[in-house]
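Chemist: Which chain is which? The protein sequence lines are A and B, in order.
For the first sequence, this note's numbering begins at 8 and goes up steadily by one.
For the second sequence, this note's numbering begins at 8 and goes up steadily by one.
I have a structure here, written as structure tokens, and I will follow up with some questions on it.
Number of protein chains: 2
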Amino acid sequence: MSGTHHAAAIPPQPDFTATFPGPHPASPHSRRTERELLSWLEEYPLLPHAKPRSILVNITSHGASRTFPTAAPDDLALFAKLLLWLTAFDDEHGEANAAANPAALVNHSGELMFVLTGVTPSSTANPFPGALHDLLARFRARTSPAKYLGLAASLRDTITALVWEAHHAAEPDGVALATYLAMRPHTVFVRTIIAAAEIVLDYELADSQRGLASVRCLESSVANLAGWINDLASYQREASRGPVQPLSLPTLLQARYHWELEQVFTHISGMCEDEADTARQRITELACAAPSALSAHARALENIARSFIWHTSHARYH
Amino acid sequence: MSGTHHAAAIPPQPDFTATFPGPHPASPHSRRTERELLSWLEEYPLLPHAKPRSILVNITSHGASRTFPTAAPDDLALFAKLLLWLTAFDDEHGEANAAANPAALVNHSGELMFVLTGVTPSSTANPFPGALHDLLARFRARTSPAKYLGLAASLRDTITALVWEAHHAAEPDGVALATYLAMRPHTVFVRTIIAAAEIVLDYELADSQRGLASVRCLESSVANLAGWINDLASYQREASRGPVQPLSLPTLLQARYHWELEQVFTHISGMCEDEADTARQRITELACAAPSALSAHARALENIARSFIWHTSHARYH
Chain A
8 MSGTHHAAAI PPQPDFTATF PGPHPASPHS RRTERELLSW LEEYPLLPHA KPRSILVNIT
68 SHGASRTFPT AAPDDLALFA KLLLWLTAFD DEHGEANAAA NPAALVNHSG ELMFVLTGVT
128 PSSTANPFPG ALHDLLARFR ARTSPAKYLG LAASLRDTIT ALVWEAHHAA EPDGVALATY
188 LAMRPHTVFV RTIIAAAEIV LDYELADSQR GLASVRCLES SVANLAGWIN DLASYQREAS
248 RGPVQPLSLP TLLQARYHWE LEQVFTHISG MCEDEADTAR QRITELACAA PSALSAHARA
308 LENIARSFIW HTSHARYH
Chain B
8 MSGTHHAAAI PPQPDFTATF PGPHPASPHS RRTERELLSW LEEYPLLPHA KPRSILVNIT
68 SHGASRTFPT AAPDDLALFA KLLLWLTAFD DEHGEANAAA NPAALVNHSG ELMFVLTGVT
128 PSSTANPFPG ALHDLLARFR ARTSPAKYLG LAASLRDTIT ALVWEAHHAA EPDGVALATY
188 LAMRPHTVFV RTIIAAAEIV LDYELADSQR GLASVRCLES SVANLAGWIN DLASYQREAS
248 RGPVQPLSLP TLLQARYHWE LEQVFTHISG MCEDEADTAR QRITELACAA PSALSAHARA
308 LENIARSFIW HTSHARYH
């Protein structure tokens, strides 16, 4: 399954050739999306430094074009802006900065909550609330109240998860594995991406469809997969920053089982491959039905999984 | 306007006899609601101590019966449970306990977030997630996806606001007045009560109605009024606990203007009376229309305002 033949310096990685074989489809609008992101960042300077900005704009436009390869150009650009906003917010106000000062992130979360309730932000010193306000107005204008509220709920949950993460980053060993596993989909943004799919691709699950065991199982598998392959891809970069181990699945499994790194990566790779198997089975079941919201959702989840698999191979992680 | 003739020991209070004259209507189902709350608390022991439990159940059933005097008995009891849950959560895990240990409240907020995403809580050591899960299932079963999501959004915002409050309770003077004013409606639960109105009283605003300036203005006035009269009613009790001044409007105005307490209370009483005037004008405009979701909403907001006016006269504050 996962490649135990790798050299020691490159820990084992999951193998998705059976479950999500390439080549993965990509939208033809990636270049246009990249230009739109750069222009949007002139209005909302979320990333002050040129090099991280250019890397993030590149990975985001390519990532978005793989997440929703069939999206119309405007929808794709709007989604890419949301993805960029999330990643930039996490880079600027989450992660290391938030771990050093959780109260500052709590204050940011308050400002974002006001925007989510419909308040127009007044300050321009911090571009994140204004940029979020702009995005929410655009999403709200192009979709139903229920789909908009679903997206907004996932954003609220992500912010809650980032605040939670900030309060535990200094002592990751104190986090229960089950809590980490439940929180991880929200810090990797995959729940927001799933909520955005119905808007970007213009289908709508009925409440009864959303509650189906097969739909919930598919969403959970893709959500877990996204977090775990991201942890595998980012662990060594984050661990090298020290002095504390990153709040990441390899850290928690090492602490729990006293395994070597290679053993941990082998184990997580197996977990990823199992979730990919489960996701593939559910996709096959749901997508073989006649064209419907359910089959559209299954195809969307397939591409979301593919985009995370693609994403970890990008230069940002090397 | 506000009574500057009071003795020094009883600071000036707002006068609502012109804007919200009594007697305020109350539901005939208050006793039944009280019994249902006590029975529910046997299943979910949110309040371990008998005396606070009995006081809170009493104020909640009477308060709910004034908030929604025309609600059907089952809807009234469900709403009262939600109100009880919010107040009990704040008493047990917010306020003083949270100020001493904000990280613990952050962990609770994570557990509640999981429940809000649809996860069934496993632990029974802490009854709050299970009780919330029970409430959400009942609300979801009796309303539309958009109304349910609106209620859930307001609960997420309340939890975010309580976490914010916990991070500032030790140093209230560091909080900007504008931020406090924007946050206060969420910590006093009035936004959740407004969101619940459409479910409990079974009407539904169209998105275009929800966005009307008059509706937003009415909601803001009632939301401000609720927070400010609550601050006036609870300030002396909270301040007497010391050593730090409570995170409350009187504290922030004293710090900003170096006023005496009587001057602060006179000023806030005037603010309350102004908001009550504004609310009354908007209610008159919206409620005089033909029976519709808009007039139902105006009447609901009128009773929500009355319930907060009534609430501060209850024994809990004396």
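Where is the CB? At the ideal position from N, CA and C, for every residue including glycine.
According to a CB-to-CB cut-off of less than 7 Å, which residues of the region 138-160 of chain B neighbour chain C?
Modeler: No chain C is present in this structure, whose protein chains are A and B.
Chemist: For chain B, find out if any of its Cβ atoms is closer than 7 Å to the Cβ of H174 (chain A); answer yes or no.
Modeler: The residue you call residue 174 (chain A) lines up with position 167 of the first sequence. Closer than 7 Å: yes.
Chemist: Leaving out five residues before and five after N231 (chain A) in sequence, what residues of the same chain have Cβ atoms less than 6 Å from its Cβ?
Modeler: Within the first sequence, residue 231 (chain A) is the residue found at index 224, counting from 1. E282, listed in sequence order.
Chemist: Starting from the C-beta of A263 (chain A), find all residues in its chain whose C-beta is less than 7 Å away, skip the five residues before and the five after it, and write them out in chain order.
Modeler: Taking the first sequence and counting its residues from 1, the one referred to as residue 263 (chain A) is at position 256. Just to set this straight, residue 263 (chain A) is Arg in the shown sequence, not Ala. L184, listed in sequence order.
Chemist: State the Cα-Cα distance for the pair A87 (chain A) and I316 (chain A), rounded to the nearest angstrom.
Modeler: Locating residue 87 (chain A) in the first sequence gives position 80, where the first residue counts as 1. Locating residue 316 (chain A) in the first sequence gives position 309, where the first residue counts as 1. Their Cα atoms are separated by approximately 17 Å.
Chemist: State yes or no: is the C-beta of P179 (chain B) within less than 7 Å of the C-beta of L239 (chain B)?
Modeler: Residue 179 (chain B) sits at position 172 when you count from the first residue of the second sequence. Residue 239 (chain B) sits at position 232 when you count from the first residue of the second sequence. No, the pair does not count as a contact, with Cβ atoms beyond the cut-off.
Chemist: Are the CB atoms of T40 (chain A) and L83 (chain A) within a distance shorter than 7 Å?
Modeler: Against the first sequence, residue 83 (chain A) aligns to sequence position 76. Against the first sequence, residue 40 (chain A) aligns to sequence position 33. Result yes, Cβ atoms of L83 (chain A) and T40 (chain A) sit closer than 7 Å.
Chemist: Report yes or no: do three or more beta-carbon pairs, one from the region 303-318 of chain A and one from the region 222-230 of chain A, lie closer than 8 Å?
Modeler: Yes, the region 303-318 of chain A is in contact with the region 222-230 of chain A.
Chemist: Spatial neighbours of S302 (chain A) within its chain, please: CB distance less than 7 Å, with the 5 preceding and 5 following residues excluded, ordered by chain position.
Modeler: Position 295 of the first sequence, counted from the start, is the residue given in the question as residue 302 (chain A). L293, A294 and A296, listed in sequence order.
Chemist: Leaving out five residues before and five after P52 (chain B) in sequence, what residues of the same chain have Cβ atoms less than 8 Å from its Cβ?
Modeler: Looking up residue 52 (chain B) in the second sequence gives position 45. Counting only Cβ-Cβ distances below 8 Å, and skipping sequence neighbours, we find P134.
Chemist: For S215 (chain B), which option in A:V195, A:P152, A:G277 and A:E205 has the closest C-alpha, if you only look at C-alpha atoms?
Modeler: As a first step, residue 215 (chain B) is located in the second sequence; it is residue number 208 there, counting from the start. Ranking A:V195, A:P152, A:G277 and A:E205 by Cα distance to S215 (chain B) puts A:P152 first.
Chemist: Which residues in the same chain have their Cβ closer than 7 Å to the Cβ of E211 (chain A), if we skip the five residues on either side of it in sequence?
Modeler: In the first sequence, residue 211 (chain A) corresponds to position 204, counting from 1. Cβ within range, chain order: S151, K154, E205 and A300.
Chemist: Which residues, in chain order, does the region 196-222 of chain A contribute to contact with chain B at a C-beta distance below 8 Å?
Modeler: Here the close residues are R198 and D214.
Chemist: Within 7 Å of any Cβ in chain B, is that where the Cβ of M120 (chain A) sits?
Modeler: Counting from one through the first sequence, the residue named residue 120 (chain A) turns up at place 113. True, the Cβ-Cβ gap to chain B drops below 7 Å.
Chemist: Find the residues of chain B that neighbour W47 (chain A), judging by a C-beta separation of less than 8 Å, and give them in chain order.
Modeler: Residue mapping note: residue 47 (chain A) aligns to position 40 of the first sequence, counting from 1. None at all; the shortest Cβ gap to chain B is about 25 Å.
Chemist: For chain A, find out if any of its Cβ atoms is closer than 7 Å to the Cβ of T167 (chain B); answer yes or no.
Modeler: Here residue 167 (chain B) corresponds to residue number 160 of the second sequence, with the count starting at 1. Chain A, which has a Cβ nearer than 7 Å to the Cβ of T167 (chain B), makes this yes.
Chemist: Along the chain, where does the alpha helix (DSSP H) containing V251 (chain B) start, and where does it finish?
Modeler: Reading the second sequence from its first residue, position 244 is the one you call residue 251 (chain B). Where V251 (chain B) is concerned, there is no enclosing alpha helix (DSSP H), given that its DSSP letter is neither H nor E.
Chemist: Determine the closest residue to A138 (chain A) out of A:S247, A:E49, A:R38 and A:G157, with distance taken between C-alpha atoms.
Modeler: Taking the first residue of the first sequence as position 1, residue 138 (chain A) is located at position 131. When each option's Cα is compared against that of A138 (chain A), the closest is A:E49.
Chemist: Suppose you measure from the CA of A33 (chain B) to the CA of T26 (chain B); what does that come to, to the nearest Å?
Modeler: Stepping through the second sequence from its first residue, residue 33 (chain B) is reached at position 26. Stepping through the second sequence from its first residue, residue 26 (chain B) is reached at position 19. Rounded to the nearest angstrom, the two C-alpha atoms are 18 Å apart.
Chemist: Excluding the five sequence neighbours on either side, which residues of its own chain have a C-beta within less than 6 Å of the C-beta of A159 (chain A), listed in chain order?
Modeler: As a position in the first sequence, residue 159 (chain A) is number 152, starting the count at 1. L123.
Chemist: If we define contact as Cβ-Cβ less than 7 Å, is A107 (chain A) a contact residue for chain B?
Modeler: Along the first sequence, read from residue 1 onward, the residue named residue 107 (chain A) stands at position 100. Chain B contact via Cβ: absent.
Chemist: Within 10 Å of its beta-carbon, does A103 (chain A) have 16 or more other beta-carbons around it, so buried, or fewer, so exposed?
Modeler: For this step, residue 103 (chain A) is matched to residue 96 along the first sequence. Result: exposed.
Chemist: Quick one, which of B:V64, B:L91 and B:L259 has its alpha-carbon nearest L188 (chain B)'s?
Modeler: Taking the second sequence and counting its residues from 1, one reaches residue 188 (chain B) at position 181. Considering only alpha carbons, the answer is B:L259.
Chemist: Any C-beta of chain A within less than 7 Å: which residues of the region 69-96 of chain B qualify?
Modeler: Going along the region 69-96 of chain B in chain order, one finds no residue with a Cβ nearer than 7 Å to chain A.
Chemist: Residues in the same chain with beta-carbon distance under 6 Å from T285 (chain B), minus the five sequence neighbours each way, listed in chain order, please.
Modeler: The count along the second sequence starts at 1 and reaches residue 285 (chain B) at position 278. Correct list, in chain order: S228.
Chemist: Let me check understanding here. Comparing Cα to Cα, which of B:I62, B:L89 and B:L45 lies closest to A203 (chain B)?
Modeler: Indexing the second sequence from 1 puts residue 203 (chain B) at position 196. Nearest of B:I62, B:L89 and B:L45 to A203 (chain B), Cα basis: B:L89.
Chemist: Out of curiosity, what's the CA-to-CA distance linking P30 (chain B) and A312 (chain B)?
Modeler: By one-based count along the second sequence, residue 30 (chain B) stands at place 23. By one-based count along the second sequence, residue 312 (chain B) stands at place 305. Taking the straight line joining both Cα atoms gives about 13 Å.
Chemist: Given a threshold of 16 other Cβ atoms within 10 Å of its Cβ, counted over all protein chains shown, does T165 (chain A) qualify as buried or as exposed?
Modeler: Counted from its first residue, the first sequence places residue 165 (chain A) at position 158. Buried, because 16 or more other Cβ atoms sit within 10 Å of the Cβ of T165 (chain A).
Chemist: Just the Cα atoms here: how many angstroms apart are M278 (chain B) and R244 (chain A)?
Modeler: Looking up residue 278 (chain B) in the second sequence gives position 271. Looking up residue 244 (chain A) in the first sequence gives position 237. Near 54 Å, if we compare the C-alpha coordinates of R244 (chain A) and M278 (chain B).
Chemist: Would you mind sorting R38 (chain B) into buried or exposed? The rule is 16 or more other CB atoms within 10 Å of its CB.
Modeler: For the purposes of this step, residue 38 (chain B) is taken as the residue at position 31 of the second sequence. Label assigned to R38 (chain B): exposed.
Chemist: Can you round the beta-carbon distance between T194 (chain A) and L93 (chain A) to whole angstroms, since I take them to be within the 8 Å contact cut?
Modeler: Start at 1 with the first residue of the first sequence, and residue 194 (chain A) comes out as number 187. Start at 1 with the first residue of the first sequence, and residue 93 (chain A) comes out as number 86. Not really, about 10 Å apart at Cβ, beyond 8 Å.
Chemist: Helix, strand or coil for I17 (chain B), going by three-state DSSP, please let me know.
Modeler: Walking along the second sequence from the start, residue 17 (chain B) turns up at place 10. Note: I17 (chain B) maps to coil in three-state DSSP.
Chemist: My output table needs one value for C279 (chain A): the three-state DSSP class, helix, strand or coil.
Modeler: Within the first sequence, the letter at position 272 stands for residue 279 (chain A). Note: C279 (chain A) maps to helix in three-state DSSP.
Chemist: What in chain A is Cβ-close to R313 (chain B), meaning under 9 Å?
Modeler: Position 306 of the second sequence, counting from 1, holds the residue named residue 313 (chain B). The premise fails here: R313 (chain B) is roughly 24 Å from chain A at the closest Cβ pair, so nothing lies under 9 Å.
Chemist: Per DSSP, what kind of secondary structure is E211 (chain B) in: helix, strand or coil?
Modeler: One-based indexing of the second sequence puts residue 211 (chain B) at position 204. Looking at E211 (chain B) - three-state DSSP - the assignment turns out to be coil, as it is neither helix nor strand.
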